[in-house]
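Report on the structure given below.
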Amino acid sequence: MSTCVNREISCPHCGALKKTPMWSAVTADTDAELRVRILNETLFNWKCPSCGYLAQLAYPCLYHDRARRFMVCISPRGDALAKLNKEIPAATRDVKKRAVGTLTEMKEKILLFEAGLDDVAMEMVKLAITSVLEKKWETKGIKAYFRSADAESVDFAIYRPNAKEPIYQGTRLAAYDQACAVLKDLQFREGAGFLKGDRKLAQELLTAYRDQSAS
1098 MSTCVNREIS CPHCGALKKT PMWSAVTADT DAELRVRILN ETLFNWKCPS
1148 CGYLAQLAYP CLYHDRARRF MVCISPRGDA LAKLNKEIPA ATRDVKKRAV
1198 GTLTEMKEKI LLFEAGLDDV AMEMVKLAIT SVLEKKWETK GIKAYFRSAD
1248 AESVDFAIYR PNAKEPIYQG TRLAAYDQAC AVLKDLQFRE GAGFLKGDRK
1298 LAQELLTAYR DQSAS
């Protein structure tokens, strides 16, 4: 079941204190409302009762979907993962486990796993798309987030650096299928702990695939 602790948060604007529920664990199977708040990216929203200052808190939180057998852990500083990897029982070896740094990244992993898609393969697709856009727009730091997929295409929300509103762009599902084939050729296997399925991993895998193909 989900776990919540109440802590006093001091407003960085006026200094007022507010007792705030902080969710250290969310179980999707029993708390559908919390899942919705994650997908709306409002679970960590905080408002000062005195001055109205708005903020989004950042703290470790473990999301667990027992039915679909996956876990996603937000660890903004990465310090929660070592402890989690020690505490998670061996019985969860066949459960997908991912480490992310933000609520947006957690939302993306949830959408991917609920859609039955491979997030590592999708990171490779995102890397290809953002690399092309960075050259086209002559700017670095472009980010893409998975939105949805159907039988023919995959849709992403694309963010330029410092942009508040995304640009929506799609690509053929065949690009995802090709990425899955690359993972198969590499015989990619996950370890028992929480994996950071991100751009860095995608780049490492594509480099390994090019080296393998060239040999």
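The C-terminal position of the sequence shown is numbered 1312 in the working numbering, with every residue numbered one higher than the one before it.
Ideal placement from N, C-alpha and C gives every residue a C-beta, glycine not left out.
Since this is a predicted model, take the numbers as computed values, not measurements.
Cβ-Cβ separation, residue j to residue i (assumed contact under 8 angstroms), whole Å
i, j, result
"residue 1197", "residue 1169", "6 angstroms"
"residue 1211", "residue 1296", "That belief does not hold up - the Cβ atoms of residue 1211 and residue 1296 are roughly 22 angstroms apart, past 8 angstroms."
"residue 1157", "residue 1135", "That belief does not hold up - the Cβ atoms of residue 1157 and residue 1135 are roughly 14 angstroms apart, past 8 angstroms."
"residue 1154", "residue 1291", "The pair is not a contact, with the Cβ atoms about 21 angstroms apart (cut-off 8 angstroms)."
"residue 1224", "residue 1280", "Not really, about 13 angstroms apart at Cβ, beyond 8 angstroms."
Test item: CB-CB of residue i and residue j under 9 angstroms
i, j, result
"residue 1122", "residue 1099", "yes"
"residue 1109", "residue 1152", "yes"
"residue 1191", "residue 1163", "no"
"residue 1207", "residue 1160", "yes"
"residue 1248", "residue 1214", "no"
"residue 1294", "residue 1132", "no"
"residue 1115", "residue 1130", "no"
"residue 1333", "residue 1283", "This structure does not reach residue 1333, given that the chain is present from 1098 up to 1312, and the question cannot be answered."
"residue 1205", "residue 1150", "no"
"residue 1144", "residue 1287", "no"
"residue 1273", "residue 1311", "no"
"residue 1120", "residue 1148", "no"
heavy atom of the ligand FAD below 8 angstroms from residue i C-beta
i, result
"residue 1221", "In the structure on display, the ligand FAD does not appear, and there are no ligands present to speak of."
Residues that residue i bridges to, as DSSP identifies them
i, result
"residue 1268", "1251"
"residue 1101", "1120"
"residue 1162", "1167"
"residue 1153", "1142"
Short CB-CB distance (under 9 angstroms) between residue i and chain C
i, result
"residue 1297", "This model lacks chain C altogether, as it is built from one protein chain only."
Mind pulling the beta strand (DSSP E) runs of 3 or more residues that sit fully within the stretch 1229–1253?
Runs of the beta strand (DSSP E) spanning 3 or more residues and lying entirely within the stretch 1229–1253 occur at 1240–1246, in chain order.
Tell me whether the stretch 1196–1212 and the stretch 1127–1145 touch, counting them as touching only if at least three CB pairs, one residue from each stretch, are closer than 8 angstroms.
Short answer: they touch.
Whether or not the stretch 1178–1185 and the stretch 1227–1238 are in contact is what I'm after, with contact meaning three or more pairs of Cβ atoms, one per stretch, closer than 8 angstroms; do they touch?
No, the stretch 1227–1238 is not in contact with the stretch 1178–1185.
Inspect the CB distances between the stretch 1264–1281 and the stretch 1246–1254 and report whether three or more fall short of 8 angstroms.
The count of Cβ pairs closer than 8 angstroms, one atom from the stretch 1264–1281 and one from the stretch 1246–1254, reaches three, so the stretches are in contact.
Quick one: complete alpha helix (DSSP H) runs, 4+ long, within the stretch 1104–1150?
Qualifying alpha helix (DSSP H) stretches, in chain order: 1129–1136.
Could you name each continuous alpha helix (DSSP H) segment of 4 residues or more that falls completely within the stretch 1166–1239, going from the start of the chain to the end?
Unbroken alpha helix (DSSP H) stretches of 4 residues or longer found wholly inside the stretch 1166–1239: 1178–1184, 1200–1211 and 1216–1234, given in chain order.
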